[in-house]
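Numbering (the working numbering), first residue to last: 65 to 897. Notes follow the structure.
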């Protein structure tokens, strides 16, 4: 089973790879199953105001000497690459050594001193300091640039987005649209993802008398303990977890929740962020553990499960090196993709984040050549290929937004244990050896901090945490540490083992093994197998000779010539599952992992559209949703970016759309009655009367009738920009419309206090209001007619007239040769002066 990695990079490439089994390793040797991270999450910093932001940006730009050491600015926040920070630290003190915290402190001191600003580090997950969730742009106000790019973000180009806003007006999917996310799980507690997961209707029983299956009427789907739908998975009422082999595919890593948010985050709730499709259902398929790594067998099983559950599309943001064939080492994985193809499931696959040409450096599944797999690169807000993105003129199909994507995530992990060896207390560790003196000790080291834990002599040696690690009531355990390691050259099969011992037992069981050279890497390993338990933890270096169950057998003889082990910054964390902490967003997510979900959403729409229209999906049809971009020429096969509206055009032309009867009137004077009539029309322009309209967003005090008649009395309202957003529903169809208009200060002739009658101004025409009609709510009707007397447009509604016989009321007009007006059924006469 191969170790696989999640493609996740908040701005910087977080490359994960598996150490190889050294040549000559016996077949029964433990598989090295640790993920290595070659770079680290870049710190984010914020300043207090726009003035300081300008100072910071000026300093960073003038100090930017190397394109590989970069930064990004968003609002008052800055993200700096680690290389850039380390260089600044060296320039500040002349010392390039020291721990991460120390060097970061030096870099910040240099920035603050030279730029004249005060910096605060913000959390890795969550909001920058001083920000609130709605600053991430609720879709009712301003969705993230990947959905609607107006050119104001960064150096973006207007329109360089997936062009889905026009699709929202006409069609937003369906509750029957299911898209599988084959990843690290799903945050079921996130408020922006509520009701966004698929509920399996086949699992609807409950427990009766222990584990006895009973098909009663109750809907406690999680406690049935029976395979009601006979699909081979017990109680899979909301997806499946192939890591822990249970029916709770919760996300403890973040990657699955981030990709799911791009597709499905709700945008009718005025919270957080917007996803591609507000009515879609996500089928969570957890195949990656807390470390973001997984096994090829689990991933293959997850793909087969998604196909069995008849998902119309799947997102696959998982990177796998190599070609993979039906007869090669990844047979199970390759065959699973073939099963997906045979089930007509479209797969959006990330090309990965190595900045490599995958035509020459194959990646799975792009190397398979399957027609249902689409390989997605990442582009930025200006349309250019992201610097980290893999590409390929034949193997990469197209690009989608993949830099600074705002999306949903999980809360930061909580700490259970940490040791950086800077102030090491030896009494908390037990050090033992098979021969002679202790062989582990704290020593000066430049790997991370000033000190590290170092192996020195001996054959079979161990270093054990003496405190029992209590994980009771905890989930999503993760071990991470920094490592320098060189296996012994004096004999084969030299390993560094990570082992645990359940409390009350004497046997140590291995859960991780490293047998190849590692240079200053961060190791991460999921601890799901010890969730909710008490255990001890230890490191052991030894010459491996075999296994007895899951217990490693080692040789106590021989000389480990050349062995070098240094360990630093050991951390054990676990997931924060507090229900009040789940409303967390990642404003700067990036990577081809975040580009692929845009295409997955598009693929789901295309499958749904095709099934309704009876048009079979073809690869040519899918790739029609691409707009060419010069910067992508030669980088991807289509030479362009995802364009959802273009791809769905064949379908959208047959759908109803919204017509607004006063679409030419978007500026109204204060003290006016704003009116619009929203109507659903077919492709020939004929009204469809069955649509029922409801307001998603409208000004306070305004009214929207079910038939689509909108009215709002602006008396007493402040001038400014306003918006009415409506949706109409009829059967399976949903149409949407967003109309933005402004209310301006009253213009024109003021009321003449000597007049005894008020006036109703319609555009530039004035009509006298009879004294008996002043004050209160009055029905009105306005007809605009042409030179031939034919009525061009009719407007009906109510006026709330101000009191006083000489009061004026102003109503925006429609350009027409003539106009007539009635108040309470009485024809109004034009004003004489």
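Even for Gly, the Cβ is constructed at its ideal location relative to N, Cα and C. Fair warning: this is a prediction, and the values are worked out from it, not measured in the lab.
Under three-state DSSP, which class holds residue i?
i, result
"residue 569", "coil"
"residue 920", "Here the chain has residues from 65 to 897 only, and residue 920 is not among them."
"residue 515", "strand"
"residue 610", "strand"
"residue 893", "coil"
"residue 36", "Nothing about residue 36 can be read from this structure; the chain reaches only from 65 to 897."
"residue 409", "coil"
"residue 648", "coil"
"residue 173", "helix"
"residue 257", "helix"
"residue 888", "coil"
"residue 438", "strand"
"residue 673", "helix"
"residue 96", "Confidence at residue 96 is low in this model, with a pLDDT of 30, below 50, so the placement of that residue is unreliable and no value is reported for it."
"residue 150", "helix"
"residue 29", "The first residue shown for the chain is 65 and the last is 897, placing residue 29 beyond what the model contains."
"residue 142", "strand"
"residue 720", "coil"
"residue 832", "strand"
"residue 715", "helix"
Report yes if the C-beta distance between residue i and residue j is below 8 Å; otherwise report no.
i, j, result
"residue 320", "residue 256", "no"
"residue 846", "residue 826", "yes"
"residue 479", "residue 644", "no"
"residue 557", "residue 607", "yes"
"residue 344", "residue 708", "no"
"residue 518", "residue 630", "yes"
"residue 594", "residue 574", "no"
"residue 475", "residue 640", "yes"
"residue 617", "residue 626", "no"
"residue 468", "residue 652", "yes"
"residue 656", "residue 454", "yes"
"residue 509", "residue 633", "no"
"residue 466", "residue 221", "no"
"residue 741", "residue 783", "no"
"residue 768", "residue 790", "yes"
"residue 624", "residue 577", "no"
"residue 672", "residue 241", "yes"
Give me whichever residues DSSP pairs with residue i in a beta bridge.
i, result
"residue 578", "560"
"residue 849", "855, 882"
"residue 774", "740, 768"
"residue 310", "305"
What are the boundary residues of the alpha helix (DSSP H) that includes residue i?
i, result
"residue 363", "360–372"
"residue 328", "319–328"
"residue 479", "Premise fails: residue 479 lies in the beta strand (DSSP E), 478–483, not in any alpha helix (DSSP H)."
"residue 699", "Here residue 699 belongs to no alpha helix (DSSP H), and DSSP marks it neither H nor E."
"residue 711", "708–711"
"residue 684", "683–686"
"residue 529", "Counting along the chain, residue 529 falls outside any alpha helix (DSSP H), though it belongs to the beta strand (DSSP E) covering 525–534."
"residue 493", "Element bounds for residue 493: not the alpha helix (DSSP H) but the beta strand (DSSP E), 493–497."
"residue 230", "229–232"
If residue i sits next to residue j, beta carbons under 8 Å apart, how far is it from one beta carbon to the other, in whole angstroms?
i, j, result
"residue 720", "residue 744", "5 Å"
"residue 462", "residue 216", "Not really, about 25 Å apart at Cβ, beyond 8 Å."
"residue 375", "residue 663", "That pair is no contact at about 15 Å."
"residue 441", "residue 415", "5 Å"
"residue 363", "residue 245", "Not quite, the Cβ-Cβ distance comes to about 13 Å (not below 8 Å), so this is no contact."
"residue 328", "residue 339", "4 Å"
"residue 736", "residue 823", "Rounded, the Cβ-Cβ distance is 13 Å, inconsistent with contact."
"residue 532", "residue 600", "6 Å"
"residue 497", "residue 530", "With a Cβ gap of about 16 Å, residue 497 and residue 530 do not count as contacting."
"residue 449", "residue 695", "7 Å"
"residue 792", "residue 722", "7 Å"
"residue 785", "residue 806", "5 Å"
"residue 775", "residue 861", "5 Å"
Could you give the residue range of the beta strand (DSSP E) that holds residue i?
i, result
"residue 244", "242–247"
"residue 628", "628–638"
"residue 733", "731–733"
"residue 790", "784–794"
"residue 538", "From DSSP, residue 538 is part of no beta strand (DSSP E); its letter is neither H nor E."
"residue 464", "462–465"
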